[in-house]
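K.L.:
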Ligand SMILES: [Zn+2]
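In this note's numbering, the protein residues as written are 757 to 933.
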């Protein structure tokens, strides 16, 4: 049997401030998977914060080591409160399945920040987290501007469909020229 020295404990906070535990794990990856699964499956249920901490077993250390401290923000692209930002690692991901906008520090270039939007393969590299947010926001505004004003249900799905339609219309009008 393996000797475990550390345990990994994920938890999530409801909008009312109640903390829900998500188990105790022997590996950080398992603990983070449990956290991501919880957020993905409940992206619309109004959780506001999440944490992942590491405890040392058989130790009287009263402080856990914070590995992730995430909070839910309004997504710069889809406008839903599904954009989870991690203050420890300075990255972010939208958990709305159709969106998944993201921000990460670049693993190739130090001090650079990458961001992107998978549905149409948009990526950009900038200098700061604020630049990444405004880059995504500008991009989101462009997409939202292509949505007709009379869409009564302004969901991300209609937004995507409208955008794809506008691309198709562009390419057909180009062919006719
Ligand atoms: Zn989003």
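A virtual CB, placed ideally from N, CA and C, is assigned to each residue, including glycine. Predicted model, so just to flag it, every value in this text is computed and none were measured.
Using only Cβ atoms and a threshold of 5 Å, which residues come within that distance of a heavy atom of ligand 1? Order them by chain position.
P.N.:
Result (chain order): 831, 833, 834, 850, 852, 855, 857.
K.L.:
Run through DSSP, which three-state label would residue 896 get?
P.N.:
Reduced to three states, the DSSP call for residue 896 is helix.
K.L.:
Rounded C-beta distance between residue 783 and residue 764? I'm assuming under 8 Å.
P.N.:
That belief holds up - the Cβ atoms of residue 783 and residue 764 are roughly 7 Å apart, short of 8 Å.
K.L.:
Excluding sequence positions up to five away, which residues of its chain have a Cβ less than 6 Å from the Cβ of residue 893?
P.N.:
These residues qualify, in order along the chain: 832.
K.L.:
According to DSSP, simplified to helix, strand and coil, what is residue 907?
P.N.:
Caution is warranted here: a pLDDT of 46 is assigned to residue 907, below 50, making its placement in the model unreliable, and no coordinate value can be reported.
K.L.:
Cβ of residue 849 within 9 Å of Cβ of residue 836?
P.N.:
Contact: no.
K.L.:
Could you check what DSSP says for residue 862 in three-state terms: helix, strand or coil?
P.N.:
Looking at residue 862 - three-state DSSP - the assignment turns out to be coil, as it is neither helix nor strand.
K.L.:
Where do the N-terminal and C-terminal ends of the alpha helix (DSSP H) with residue 796 fall, by residue?
P.N.:
From DSSP, the alpha helix (DSSP H) with residue 796 extends over 784-797.
K.L.:
Does the Cβ-Cβ distance between residue 777 and residue 766 come in under 9 Å?
P.N.:
Yes, Cβ-Cβ distance for residue 777 and residue 766 is below 9 Å.
K.L.:
Whole-angstrom Cβ separation of residue 824 and residue 807, contact assumed at under 8 Å?
P.N.:
At roughly 6 Å, the Cβ-Cβ gap stays under 8 Å, so residue 824 and residue 807 are in contact.
K.L.:
List the residues that DSSP assigns as beta-bridge partners of residue 878.
P.N.:
Residue 878 is bridged to 873.
K.L.:
Rounded to whole angstroms, what is the Cα-Cα separation between residue 799 and residue 891?
P.N.:
Approximately 23 Å between the Cα atoms of the pair.
K.L.:
For residue 880, which residues of its own chain have a beta-carbon under 6 Å away from its beta-carbon, when the five flanking residues on both sides are left out?
P.N.:
Within the same chain, residue 880 has close Cβ partners 871, 891.
K.L.:
Using only alpha-carbon positions, find the residue among 898, 883, 812 that is nearest to residue 865.
P.N.:
Checked all of 898, 883, 812; the closest Cα to residue 865 is 883.
K.L.:
Could you tell me the distance, in whole angstroms, from the CA atom of residue 768 to the CA atom of residue 805?
P.N.:
Each residue's alpha carbon lies about 6 Å from the other.
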